[in-house]
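Colleague: Just dropping this structure here.
Residue numbers (the numbering used here): -16 to 169.
Shown next, in the form of structure tokens:
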């Protein structure tokens, strides 16, 4: 007997890759901001720009997710937008360009999150929904731990661009996998 149904397993794995990508920069974010000429306050403003863009966009994205039949395609689009933001970090050369990249990533996260939640909820087993949401929460923590460590290792040995490339590629792999799935699966 399998612990989770196939759609839940797919969503946990593909979203896990996104969560790893997102966590890679977290612990060393302030170092990157300083490297492009910013201060700790600039790092705070940039993270605030991300959160503000995500918060505003999530309201609209949630309404769209309720009206669209194939929410998995919205998830794919959000993952691709996030990948563009992650790749965009390689072009950051000022605080202003950092703010733009943060807004792009915030938009991507806001686009995919409500649609992801809708797809995930649709595939929950009514008798195991606590365990299935618990699995997602657990994956969130495990991927954050792994992503933080992996990001630090990549930057230490290969530099920031290697990490940003990895972040973007993980996002595109997730998007591509979901996009290529037969629609009946999710």
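In this text, a Cβ means the ideal position worked out from N, Cα and C, and glycines have one as well.
Is residue 168 helix, strand or coil by DSSP?
Modeller: Here residue 168 is taken as the residue at index 185 of the chain shown, counted from 1. Correct three-state label for residue 168: coil.
Colleague: Please identify the residue among 128, 86, 52 whose C-alpha is closest to the C-alpha of residue 6.
Modeller: Residue numbering aside, residue 6 sits at position 23 when the chain shown is read from its first letter. With distances taken between Cα atoms, residue 6 lies closest to 128.
Colleague: If we call anything under 8 Å between Cβ atoms a contact, is residue 54 one with residue 93?
Modeller: If you number the chain shown from 1, residue 54 lands on position 71. If you number the chain shown from 1, residue 93 lands on position 110. No, the Cβ-Cβ distance between residue 54 and residue 93 is not below 8 Å.
Colleague: Entirely within the stretch 98 to 131 and at least 3 residues each: give me those beta strand (DSSP E) ranges in chain order.
Modeller: Segments of the beta strand (DSSP E) lying fully in the stretch 98 to 131: there are none.
Colleague: Quick check on residue 161: buried or exposed, where buried means 16 or more other Cβ atoms within 10 Å of its Cβ?
Modeller: Within the chain shown, the letter at position 178 stands for residue 161. Label assigned to residue 161: buried.
Colleague: Apply the 10 Å Cβ neighbour rule to residue 144 and answer buried if 16 or more other Cβ atoms are within range, or exposed otherwise.
Modeller: In the chain shown, residue 144 corresponds to position 161, counting from 1. Counting Cβ neighbours within 10 Å, residue 144 comes out exposed, since fewer than 16 surround it.
Colleague: Locate the alpha helix (DSSP H) running through residue 8, then write down its first and last residues.
Modeller: On the chain shown, residue 8 is found 25 positions in, with the first residue counted as 1. Per DSSP, residue 8 belongs to the alpha helix (DSSP H) from -11 to 8.
Colleague: What is the DSSP secondary structure of residue 51, counted as helix, strand or coil?
Modeller: Taking the chain shown and counting its residues from 1, one reaches residue 51 at position 68. The answer is coil: DSSP assigns residue 51 none of H, G, I, E or B.
Colleague: Write down the C-beta distance between residue 12 and residue 62 rounded to the nearest angstrom, noting that I regard them as a contact closer than 8 Å.
Modeller: Residue numbering aside, residue 12 sits at position 29 when the chain shown is read from its first letter. Residue numbering aside, residue 62 sits at position 79 when the chain shown is read from its first letter. Their Cβ separation, rounded to whole angstroms, is 21 Å, which puts residue 12 and residue 62 out of contact at 8 Å.
Colleague: Report all residues from its chain with a CB closer than 6 Å to the CB of residue 86; omit the five preceding and five following residues, and keep chain order.
Modeller: Residue numbering aside, residue 86 sits at position 103 when the chain shown is read from its first letter. Excluding residues within five positions, the ones whose Cβ falls inside 6 Å are 32, 36.
Colleague: Got a sec? Which residues, its chain only, sit under 6 Å from residue 66 by beta carbon, not counting five neighbours each side?
Modeller: Here residue 66 is taken as the residue at index 83 of the chain shown, counted from 1. Result list for residue 66: 151, 154, 155, in chain order.
Colleague: Please identify the residue among 38, 59, 108 whose C-alpha is closest to the C-alpha of residue -14.
Modeller: Position 3 of the chain shown, counted from the start, is the residue given in the question as residue -14. Nearest C-alpha to residue -14: 108.
Colleague: Can the beta-carbon of residue 57 be found less than 8 Å from the beta-carbon of residue 47?
Modeller: Position 74 of the chain shown, counted from the first residue, corresponds to residue 57. Position 64 of the chain shown, counted from the first residue, corresponds to residue 47. Cβ atoms of residue 57 and residue 47: closer than 8 Å.
Colleague: Going by DSSP in three states, residue 21 sits in which element: helix, strand or coil?
Modeller: Working through the chain shown from its first residue, we reach residue 21 at position 38. Coil at residue 21, not helix or strand.
Colleague: Would you identify the three-state DSSP class for residue 156, choosing helix, strand or coil?
Modeller: Taking the first residue of the chain shown as position 1, residue 156 is located at position 173. Three-state DSSP puts residue 156 in a helix.
Colleague: Would DSSP call residue 144 helix, strand or coil?
Modeller: To locate residue 144, count along the chain shown from 1; it is residue 161. Note: residue 144 maps to helix in three-state DSSP.
Colleague: Nearest by alpha-carbon distance to residue 132: which of -3, 4, 97, 21 is it?
Modeller: As a working mapping, residue 132 is identified with position 149 in the chain shown. Ranking the options by Cα distance to residue 132, first place goes to 4.
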